[in-house]
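Counting from 1 along the sequence shown, just add 1146 to a position and that's the residue number in the numbering used here.
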Amino acid sequence: MKPVEFSRRQFLGNISYSVLASKLGLLAGPIPRNDANPLIVRVHDSGASRTWDYSASHPWNRSAEPSTLADMDNGKFRRDRYFDHIDEAKVISMLRRGLTELTGTGSTREAWGNLLKSYKRGDKVTIKVNLNNASYNEDITTNRMDQTIPLINAVVGDLVENISIAEENITVADPSRWIHPGILFNRCRYKKVRWVDSRSPELWDSRESVVFTKDQPVRPGNSNLPEKVSFHLPNVYTKADHIINLCLMKNHGCGITGAMKNHFGAIPSPTPKYLHDGLGEKSYIADLCNTNSIKNKVRINICDAIFANWHDNVWSPRPWKTFPEESPNSLFFGTDPVAFDSVLLQHITDEVNAQGNNAPMWVQEAVRAHQFLHYAMDYHRLGIHEHKPFHRIEYRQIENL
């Protein structure tokens, strides 16, 4: 039988991905009814951060950030750090409000009981964080955007204090990256929590790997990388009973690096390099999120958007026009990863549009490169993707009072 062929123009402009998927025989049955209208919650609190002078980080690129020990003592670079401007008490309050709003419960104890279904004493909980921009030197800190400790402390604290999970059974992890001791580890209020990063032993579990469907990994040209690599998942995923996915709100070449793209930190380096060419329009992210440990163990996605970056995924936070303050001062909550990223993408798209000429053409193009969300919905049935006005996604925005 002759395969059906579609041009890129047809793919992006003339038909929806759901139609394409049906033509290719990819649909795997209806989305379960209880996932038909996923709820995404945004909690906003103007007091979540103190005033941050964004202009002092201009032009928000390599020239504005220290990269050596000498740079750290150079008056050319600002000394303050955006993550020190976050109010942890407010973040704790926002977390509790978001958890109860998402689950329709009266306490976070009830909320976690709703989310961590089948939880039993002794279960292992992995908290996945996003540390793509770590300095890899404990004497160097920058304002490049990464996960911050207030939300980690808030989540761990609620698990320990409200549902009595032992600290030793909680792991904070970014298996392919580096955890900065001064920024994160030493600031964690729970000293028995386990930390796993790229330096940890016995990281990968060969029993579970990503199965690629529509698109296959491509070795970068003109490189010394091996012809083939393994896309194993980490032991902190495969041996966990529950995964809590903490992500950031940042623009990316694939439109959004939010909940789903965060799991790229859960495959061995340098394998992500084999997936970055045309990432947003390929099936890679959806295929990764369809692995058993991710699809079946991630209980909730929480986005740390106290600070965020509508421009790129590499450098320091940028000021926003579409939130009440220059900093979004928000946390997002959801269990449907596709709907979750759809909402984050909508916020970034709205901001890019509001920025006008401040947004370079490649930034404007990036927010349109998100076919992986269509594929995640139509082929893997991982959730709901749509743009505003939302009809299938229930998006609830609340103030933390």
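Idealized CB from N, CA, C, for every residue including glycine.
Return helix, strand or coil for residue i, following the three-state DSSP convention.
{"i": "D1269", "result": "coil"}
{"i": "R1527", "result": "coil"}
{"i": "P1463", "result": "coil"}
{"i": "K1407", "result": "helix"}
{"i": "I1298", "result": "helix"}
{"i": "D1217", "result": "helix"}
{"i": "R1552", "result": "The displayed coordinates of the chain run from 1147 to 1547. Any statement about residue 1552 would go beyond what the structure contains."}
{"i": "H1572", "result": "The question about residue 1572 has no answer here: the residues shown for the chain are numbered 1147 through 1547."}
{"i": "H1231", "result": "helix"}
{"i": "M1291", "result": "coil"}
{"i": "V1318", "result": "strand"}
{"i": "S1429", "result": "coil"}
{"i": "F1479", "result": "strand"}
{"i": "S1369", "result": "coil"}
{"i": "R1188", "result": "strand"}
{"i": "R1323", "result": "coil"}
{"i": "P1418", "result": "helix"}
{"i": "S1355", "result": "strand"}
{"i": "N1276", "result": "coil"}
{"i": "L1330", "result": "coil"}
{"i": "S1376", "result": "coil"}
{"i": "I1309", "result": "helix"}
{"i": "A1412", "result": "helix"}
{"i": "S1209", "result": "helix"}
On the premise that residue j lies in contact with residue i, defined as a C-beta separation below 8 angstroms, what is that separation, rounded to the nearest angstrom?
{"i": "K1396", "j": "N1455", "result": "5 angstroms"}
{"i": "E1354", "j": "T1481", "result": "E1354 to T1481, Cβ: 22 angstroms. No contact."}
{"i": "D1343", "j": "I1325", "result": "4 angstroms"}
{"i": "L1245", "j": "L1185", "result": "Contact flag wrong, Cβ pair sits at about 12 angstroms."}
{"i": "Q1366", "j": "Y1282", "result": "Per the sequence shown, the amino acid found at residue 1366 is Pro instead of Gln. Going by Cβ atoms, the distance from P1366 to Y1282 rounds to 21 angstroms, so no, they are not a contact pair."}
{"i": "K1467", "j": "E1511", "result": "Actually they are not in contact, since the Cβ atoms of K1467 and E1511 sit about 20 angstroms apart, beyond 8 angstroms."}
{"i": "E1234", "j": "N1332", "result": "Not quite, the Cβ-Cβ distance comes to about 15 angstroms (not below 8 angstroms), so this is no contact."}
{"i": "S1429", "j": "L1379", "result": "Wrong, their Cβ atoms sit about 17 angstroms apart, outside the cutoff."}
{"i": "F1377", "j": "T1417", "result": "5 angstroms"}
{"i": "V1187", "j": "F1536", "result": "About 13 angstroms separates the two Cβ atoms, so there is no contact after all."}
{"i": "T1294", "j": "D1450", "result": "6 angstroms"}
{"i": "N1315", "j": "D1351", "result": "The Cβ separation is near 18 angstroms, so there is no contact."}
Between the Cα of residue i and those of the options, spot the shortest distance and give me the residue it belongs to.
{"i": "Y1265", "options": "A1405, I1452, D1487, I1311", "result": "I1311"}
{"i": "N1183", "options": "D1450, E1532, W1258, G1303", "result": "E1532"}
{"i": "D1304", "options": "A1319, L1262, E1211", "result": "L1262"}
{"i": "S1195", "options": "P1463, K1534, F1518", "result": "P1463"}
{"i": "K1385", "options": "G1529, G1244, M1507, T1272", "result": "T1272"}
{"i": "H1520", "options": "G1426, Q1293, L1434", "result": "G1426"}
{"i": "W1206", "options": "I1544, R1542, P1465, L1491", "result": "P1465"}
{"i": "V1301", "options": "P1372, I1389, G1252", "result": "I1389"}
{"i": "I1539", "options": "N1475, N1381, M1523", "result": "M1523"}
{"i": "W1258", "options": "S1473, Q1501, N1447", "result": "N1447"}
{"i": "A1500", "options": "E1472, K1270, S1346, Y1525", "result": "E1472"}
{"i": "H1526", "options": "F1536, N1442, P1474", "result": "N1442"}
{"i": "L1491", "options": "R1335, N1503, D1458, D1351", "result": "D1458"}
{"i": "E1256", "options": "T1214, E1307, A1210, A1216", "result": "E1307"}
{"i": "L1528", "options": "L1434, T1251, Q1543", "result": "L1434"}
{"i": "N1279", "options": "P1363, D1423, E1211, N1546", "result": "E1211"}
{"i": "R1267", "options": "V1237, G1252, I1309, N1276", "result": "I1309"}
{"i": "H1422", "options": "K1236, D1217, V1364", "result": "V1364"}
Quick check on residue i: buried or exposed, where buried means 16 or more other Cβ atoms within 10 Å of its Cβ?
{"i": "P1296", "result": "buried"}
{"i": "D1285", "result": "exposed"}
{"i": "W1198", "result": "buried"}
{"i": "P1327", "result": "exposed"}
{"i": "K1274", "result": "buried"}
{"i": "V1357", "result": "exposed"}
{"i": "E1348", "result": "exposed"}
{"i": "R1323", "result": "buried"}
{"i": "M1507", "result": "exposed"}
{"i": "T1254", "result": "buried"}
{"i": "P1470", "result": "exposed"}
{"i": "D1219", "result": "exposed"}
{"i": "G1411", "result": "buried"}
{"i": "A1432", "result": "buried"}
{"i": "H1409", "result": "buried"}
{"i": "A1202", "result": "exposed"}
{"i": "S1415", "result": "exposed"}
{"i": "N1370", "result": "exposed"}
{"i": "L1392", "result": "buried"}
{"i": "K1169", "result": "Reliability of the predicted coordinates at K1169 is poor, the pLDDT of 38 falling under 50, and the value obtained from them is presented with this limitation in mind. Counting Cβ neighbours within 10 Å, K1169 comes out exposed, since fewer than 16 surround it."}
{"i": "T1214", "result": "exposed"}
{"i": "R1243", "result": "buried"}
{"i": "H1204", "result": "exposed"}
{"i": "P1372", "result": "exposed"}
{"i": "D1320", "result": "buried"}
Touch test, the region 1337–1356 against the region 1286–1293, Cβ-Cβ under 8 angstroms, three pairs minimum: no
The region 1220–1230 / the region 1481–1489 touching (three or more Cβ pairs under 8 angstroms): no
Validate contact between the region 1399–1406 and the region 1509–1529 using beta carbons, cut 8 angstroms, 3 pairs: yes
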